[in-house]
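>
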Amino acid sequence: MTNSLFMRIRSRFPADLSSVLIETPTGKTYSYGDADTYSAKIAGLLTERGAKKGDRVAVQVDKSPEALFLYLGCIRAGLVYLPLNTAYQAGELAYFMGNASPVIFVCQPHRAEEVKAIADAQGVKHVLTLGMEADGSLIDDMAPQAEDFPAVECADDDLAAILYTSGTTGKPKGAMMTQMNLWSNASTLEKLWGFERNDTLLHALPIFHTHGLFIACHCVMLSGSKMFFLPKFDRDQVMALLPRSTVMMGVPTFYVRLLSGGDFTADVSANMRLFISGSAPLLPETFTAFVQRTGKTLLERYGMTEMGMATSNPLDDERIVHTVGPALPDVDVRVCDEEGNVLGTDEIGVLEARGPNVFAGYWQMPEKTAEEFRSDGFFITGDIAMIDAKGYVHIVGRAKDLVISGGFNIYPKEIETLIDKMDGVVESAVIGVQHPDFGEAVVAVIVPEQKDTLSEDEVIGSIKSQLANFKVPKRVFFVNELPRNAMGKVQKNILREDYKALFTK
Ligand code: AMP
197 MTNSLFMRIR SRFPADLSSV LIETPTGKTY SYGDADTYSA KIAGLLTERG AKKGDRVAVQ
257 VDKSPEALFL YLGCIRAGLV YLPLNTAYQA GELAYFMGNA SPVIFVCQPH RAEEVKAIAD
317 AQGVKHVLTL GMEADGSLID DMAPQAEDFP AVECADDDLA AILYTSGTTG KPKGAMMTQM
377 NLWSNASTLE KLWGFERNDT LLHALPIFHT HGLFIACHCV MLSGSKMFFL PKFDRDQVMA
437 LLPRSTVMMG VPTFYVRLLS GGDFTADVSA NMRLFISGSA PLLPETFTAF VQRTGKTLLE
497 RYGMTEMGMA TSNPLDDERI VHTVGPALPD VDVRVCDEEG NVLGTDEIGV LEARGPNVFA
557 GYWQMPEKTA EEFRSDGFFI TGDIAMIDAK GYVHIVGRAK DLVISGGFNI YPKEIETLID
617 KMDGVVESAV IGVQHPDFGE AVVAVIVPEQ KDTLSEDEVI GSIKSQLANF KVPKRVFFVN
677 ELPRNAMGKV QKNILREDYK ALFTK
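Just so you know, we're using the numbering used here here: the sequence shown kicks off at 197 and counts up by one.
If you want it as C-alpha cells, here you go:
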C-alpha cells in the first residue's frame with residue numbers, strides 16, 4: 197500500500213499546526229490543526245454511520261471552511277467525495293443519487309426535508325446537514341468523535357472523488373478521479389506556480405467544482421500557505437482583500453468584473469504575485485486591459501473536470517495571449533483528426549491528453565468511457581485546438597457544443613430536451629451567445645407548431661422550475677425553421693452568428 201491522498205496532503209501541513217489555513221471575510225481563522233481535528237471527527241462520524249472504503253458521500257452544501265473539512269474527512273476515511281452544485285433541483289438530485297448510490301448525502305439545512313424524501317425514494321441511507329455558520333447535524337453529531345482518526349490506506353488507483361459533468365446526451369456523467377489523479381496534479385501545480393508558505397490565495401470560486409476544490413485548495417495545503425475563503429465572488433470583498441493577498445485563481449468573469457471599476461489599479465494589486473485564469477476562454481481584450489491596468493500579466497491555463505489541469509502558461513517565461521500554454525511537465529498533449537491521426541504544428545483538430553492526472557473513466561458508463569479514450573491511453577477532450585511551434589496550445593472551439601456561462605458548463609441537449617417536450621414546440625436549438633458578464637449566456641431558438649401560441653416568459657418559467665438557474669435561457673426566440681446542413685444537422689454556428697450581438701450592443 198502506498199500513502200493515500202489524505203496522508204500525502206497531511207504530510208505537507210506545517211509542523212506548527214497553529215498556522216492559519218483559512219481566514220473568512222469576517223476575520224475568523226481556522227488553523228491547519230483545525231483541519232486535522234475536524235477531518236478526524238468527520239471521518240469518525242461517517243464511518244460510524246456505516247460508510248466503508250470506496251463508498252460515495254454526496255455533498256450539496258454552501259461553501260464554508262467546514263465543507264472543505266468534509267472533503268478532507270471523506271478522503272481520510274477512504275470514502276469517495278461527490279460534490280454537487282447547490283443549484284441542482286430535485287429531479288437532478290434523484291438522478292445523482294440513483295446513479296452514484298451514495299451511502300450518505302450531506303445537504304443544506306433548509307433543504308433537509310426535500311432531500312430526505314428523495315434519499316428515501318432512492319435508497320440513500322443517511323442524510324446529514326451542513327450550513328454556512330458551522331451549523332447542521334453533521335457538526336452536532338461529530339462533536340463526540342475522537343480528535344484523531346487513522347487515515348484509511350488506499351492504493352493509487354482507488355477512487356478519491358466523483359465529479360459530475362454534463363454529457364452531450366443531457367445525462368451528467370460521473371468522472372472518477374483516483375487518489376493519484378488528484379495527487380499528481382496537485383503536486384505538479386503547486387511547484388509549477390511557485391506556491392510557498394508565505395503565499396495567501398484569494399479564494400472566491402465555488403468548491404463543488406475541480407477548479408475551486410482541487411486546484412485551489414490543494415495548492416494551498418501542499419505549500420502550507422493560507423487562503424481567504426469567500427462564500428462567493430463579491431467584488432467589494434475581493435477589492436478589500438487584494439492588498440493582503442498574493443495569488444488569485446478565477447474564471448474570466450471575475451477579471452471582467454474587477455476591470456469594470458476604475459478602482460482596480462496597479463496599486464491595489466501591488467502585493468499580488470500571480471493572477472490565474474481558467475475554466476472558460478479568456479478574451480484577448482480582458483488579457484490586454486489587465487496588463488494596461490495593473491502592469492501584470494494574467495496566467496491562463498486549461499483543464500477540465502476529467503483531468504484537472506493539462507496545460508498552463510509559464511510562471512517565469514512568456515505568457516502568450518489567447519493561448520493556454522504548454523502541457524504540464526507530466527502530461528502529454530496532441531492534436532488529432534477524427535480518426536485519431538496525429539496532426540502537425542499549427543494544424544487544427546481535437547485535443548487529446550494523457551498523464552497521471554487523466555481520470556479513470558465515467559462511473560458505470562464503460563461504453564461512454566471507451567468512446568473517449570484512444571487505445572494508447574489518450575483521452576479525447578472534445579476541445580478543438582492547435583499546438584504552435586513553441587508547444588503552446590491554442591483552444592479554438594469546442595467540439596461538443598458546450599456553453600460556459602459564468603464558469604459553469606451547460607450542455608444544450610439537456611435544455612433542448614425539456615423545451616421539445618413542451619406543448620406547441622416542434623423543435624429547438626440552444627446556443628451560447630457572448631455576454632459581457634457571464635462570458636456566454638444561454639439562448640434558446642424554438643420552432644413552434646403555430647405562430648404566437650407560446651411566449652418567451654412561458655418557456656423560461658417552465659424551464660426555471662426544472663433546472664438549475666444557470667442553465668435557464670436568458671432569451672428565447674421563435675423561428676419558422678432551424679438552419680440545417682446537407683447531413684440534416686442543425687447549424688448552430690449560423691444561429692450563433694445571428695444572435696451574436698444580443699448582449700454586447
Ligand atoms: P470543466 O469540466 O467544468 O472544468 O470544463 C472544461 C471545459 O472548459 C474544457 O473542456 C474547455 O472547453 C473549457 N476550458 C477550460 N479552461 C479553458 C481555457 N483556458 N480556455 C478555453 N476553454 C477552457
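Positions of the beta carbon are idealized from the N, C-alpha and C atoms, including for glycine.
For LYS369, count neighbouring C-beta atoms within 10 Å of its own C-beta (all shown protein chains included) and say buried if the count is 16 or more, exposed if not.
Mapped onto the sequence shown, residue 369 falls at position 173. Answer is buried; the Cβ neighbour count reaches 16.
> What are the boundary residues of the beta strand (DSSP E) that includes ALA148?
With the chain covering 197 to 701 only, the question about residue 148 has no answer from this structure.
> Less than 8 Å separating the beta-carbons of VAL255 and LEU278?
As a first step, residue 255 must be located in the sequence shown, where it is residue number 59. As a first step, residue 278 must be located in the sequence shown, where it is residue number 82. Their beta carbons are under 8 Å apart, which means VAL255 touches LEU278 by this criterion.
> Compare the Cα-Cα distances from ILE516 to each of LEU388, SER465, LYS321, PHE483 and report the closest residue.
Sequence index remark: in the sequence shown, residue 516 carries index 320 (1-based). When only C-alpha atoms are compared, the closest one is PHE483.
> If you measure from the CB of GLU496, is any heavy atom of the ligand AMP nearer than 7 Å?
Taking the first residue of the sequence shown as 1, we reach residue 496 at position 300. GLU496 Cβ: within cutoff of the ligand AMP.
> Could you tell me whether the region 630-644 touches the region 665-676, using the rule of 3 or more Cβ pairs below 8 Å?
Touching, yes.
> My output table needs one value for GLN318: the three-state DSSP class, helix, strand or coil.
Start at 1 with the first residue of the sequence shown, and residue 318 comes out as number 122. Helix at GLN318.
> If PHE471 sits next to ARG489, beta carbons under 8 Å apart, how far is it from one beta carbon to the other, in whole angstroms?
Within the sequence shown, numbered from 1, the residue matching residue 471 stands at position 275. Within the sequence shown, numbered from 1, the residue matching residue 489 stands at position 293. Actually they do not touch by this definition, with Cβ atoms about 11 Å apart.
> Take GLY284 and list the residues in its own chain whose beta-carbon comes closer than 7 Å to its own, dropping the five residues that flank it on each side.
Locating residue 284 in the sequence shown gives position 88, where the first residue counts as 1. For the sequence presented, residue 284 should be read as Tyr rather than Gly. Counting only Cβ-Cβ distances below 7 Å, and skipping sequence neighbours, we find GLN256, ALA664.
> Is DSSP giving GLU567 helix, strand or coil here?
Stepping through the sequence shown from its first residue, residue 567 is reached at position 371. Helix at GLU567.
> State yes or no: is the C-beta of VAL638 within less than 8 Å of the C-beta of ILE656?
Within the sequence shown, numbered from 1, the residue matching residue 638 stands at position 442. Within the sequence shown, numbered from 1, the residue matching residue 656 stands at position 460. In this structure, ILE656 does not lie closer than 8 Å to VAL638 by Cβ.
> So is SER473 buried or exposed if we call it buried at 16+ other beta carbons inside 10 Å?
Position 277 of the sequence shown, counted from the start, is the residue given in the question as residue 473. With 16 or more other Cβ atoms within 10 Å, it is buried.
> Is the closest heavy atom of the ligand AMP to the C-beta of HIS590 under 7 Å?
Indexing the sequence shown from 1 puts residue 590 at position 394. It does not: the Cβ of HIS590 is nowhere closer than 7 Å to a heavy atom of the ligand AMP.
> Does the Cβ-Cβ distance between TRP379 and ARG204 come in under 8 Å?
Position 183 of the sequence shown holds residue 379. Position 8 of the sequence shown holds residue 204. Taking 8 Å as the Cβ cut-off, TRP379 and ARG204 qualify as a contacting pair.
> For the beta strand (DSSP E) containing VAL369, list its first residue and its last residue.
Taking the first residue of the sequence shown as 1, we reach residue 369 at position 173. The identity of residue 369 in the sequence shown is Lys, whereas the question assumes Val. Its beta strand (DSSP E) spans residues 369-374.
> Identify the continuous alpha helix (DSSP H) that holds GLY603 and give its terminal residues.
Position 407 of the sequence shown, counted from the start, is the residue given in the question as residue 603. Per DSSP, GLY603 belongs to no alpha helix (DSSP H) and is neither H nor E.
> Give a single yes or no on whether ILE516 has its beta carbon closer than 7 Å to a heavy atom of the ligand GDP.
The model depicted lacks the ligand GDP and carries the ligand AMP instead.
> Under a Cβ-count criterion, where at least 16 other Cβ atoms within 10 Å of its own Cβ denotes burial, should GLN375 be classed as buried or exposed?
On the sequence shown, position 179 is the one that residue 375 refers to. Buried, since its Cβ has 16 or more Cβ neighbours within 10 Å.
> Tell me where the beta strand (DSSP E) around HIS399 begins and ends.
Here residue 399 corresponds to residue number 203 of the sequence shown, with the count starting at 1. Run containing HIS399: 396-399, per the beta strand (DSSP E) assignment.
> Return the residue from the list LEU264, TYR226, VAL299, ALA263 that minimises the CA-CA distance to THR243.
Counting from one through the sequence shown, the residue named residue 243 turns up at place 47. Nearest of LEU264, TYR226, VAL299, ALA263 to THR243, Cα basis: VAL299.
> Quick check on the DSSP output: what are the complete beta strand (DSSP E) runs of length 3 or more inside the region 266-303, in order along the chain?
Taking only runs of at least 3 residues, the beta strand (DSSP E) segments lying wholly in the region 266-303 are 276-279, 300-303.
> Considering only residues of the same chain and omitting the five flanking positions on each side of THR565, which have a CB-CB separation below 6 Å?
Counting from one through the sequence shown, the residue named residue 565 turns up at place 369. Answer for THR565: GLY557, TYR558, listed in chain order.
> Please classify THR365: is it buried, with 16 or more other beta-carbons within 10 angstroms of its beta-carbon, or exposed?
Along the sequence shown, one-based indexing puts residue 365 at 169. Caution is warranted here: a pLDDT of 49 is assigned to THR365, below 50, making its placement in the model unreliable, and the coordinate value is therefore given only provisionally. Classification for THR365: exposed.
> In the DSSP assignment, what residue or residues form a beta bridge with TYR226?
Along the sequence shown, one-based indexing puts residue 226 at 30. Paired residue(s): ILE218.
> Check whether the Cβ of MET582 lies closer than 7 Å to any heavy atom of the ligand AMP, and answer yes or no.
Locating residue 582 in the sequence shown gives position 386, counting from the first residue. No, the Cβ of MET582 stays beyond 7 Å of every heavy atom of the ligand AMP.
> Do you know how far the Cα of LYS696 is from the Cα of GLU636?
Within the sequence shown, residue 636 is the residue found at index 440, counting from 1. Within the sequence shown, residue 696 is the residue found at index 500, counting from 1. In a straight line, the C-alpha of GLU636 is about 10 Å away from that of LYS696.
> Measure the Cβ-Cβ separation of CYS415 and PHE450 and say whether it is below 8 Å.
Position 219 of the sequence shown, counted from the start, is the residue given in the question as residue 415. Position 254 of the sequence shown, counted from the start, is the residue given in the question as residue 450. No, the Cβ-Cβ distance between CYS415 and PHE450 is not below 8 Å.
> Does the beta-carbon of GLY246 have 16 or more other beta-carbons within 10 angstroms, so that it is buried, or is it exposed?
Position 50 of the sequence shown, counted from the start, is the residue given in the question as residue 246. So GLY246 counts as exposed.
> For the alpha helix (DSSP H) holding CYS350, just list the boundary residues, first then last.
In the sequence shown, residue 350 corresponds to position 154, counting from 1. That residue, CYS350, is in no alpha helix (DSSP H); it is neither H nor E in DSSP.
> Taking the alpha helix (DSSP H) that SER414 falls in, what are its first and last residues?
The count along the sequence shown starts at 1 and reaches residue 414 at position 218. A small correction: the amino acid at residue 414 is His; Ser does not occupy that position in the sequence shown. First-last of the alpha helix (DSSP H) with HIS414: 413-419.
> Distance, Cα to Cα, GLU262 vs VAL253?
What you label residue 262 is simply residue 66 of the sequence shown in a count that begins at 1. What you label residue 253 is simply residue 57 of the sequence shown in a count that begins at 1. Cα-Cα distance, rounded: 15 Å.
> Considering only DSSP beta bridges, list what ALA637 is partnered with.
As a working mapping, residue 637 is identified with position 441 in the sequence shown. Answer by DSSP bridge pairing, in chain order: VAL629.
> In three-state terms, what does DSSP make of GLY408?
Position 212 of the sequence shown, counted from the start, is the residue given in the question as residue 408. If DSSP states are grouped into helix, strand and coil, GLY408 belongs with the helices.
> Report the option in ILE583, LEU264, LEU455 whose CA atom is closest to the CA atom of CYS532.
Residue numbering aside, residue 532 sits at position 336 when the sequence shown is read from its first letter. Answer by Cα proximity: ILE583.
> Use the C-beta contact count for GLU535: other C-beta atoms within 10 angstroms, 16 or more gives buried, fewer gives exposed.
In the sequence shown, residue 535 corresponds to position 339, counting from 1. Exposed.
> Could you check whether ALA382 and PHE404 sit closer than 8 Å to each other, using their CB atoms as the reference points?
As a first step, residue 404 must be located in the sequence shown, where it is residue number 208. As a first step, residue 382 must be located in the sequence shown, where it is residue number 186. Taking 8 Å as the Cβ cut-off, PHE404 and ALA382 do not qualify as a contacting pair.
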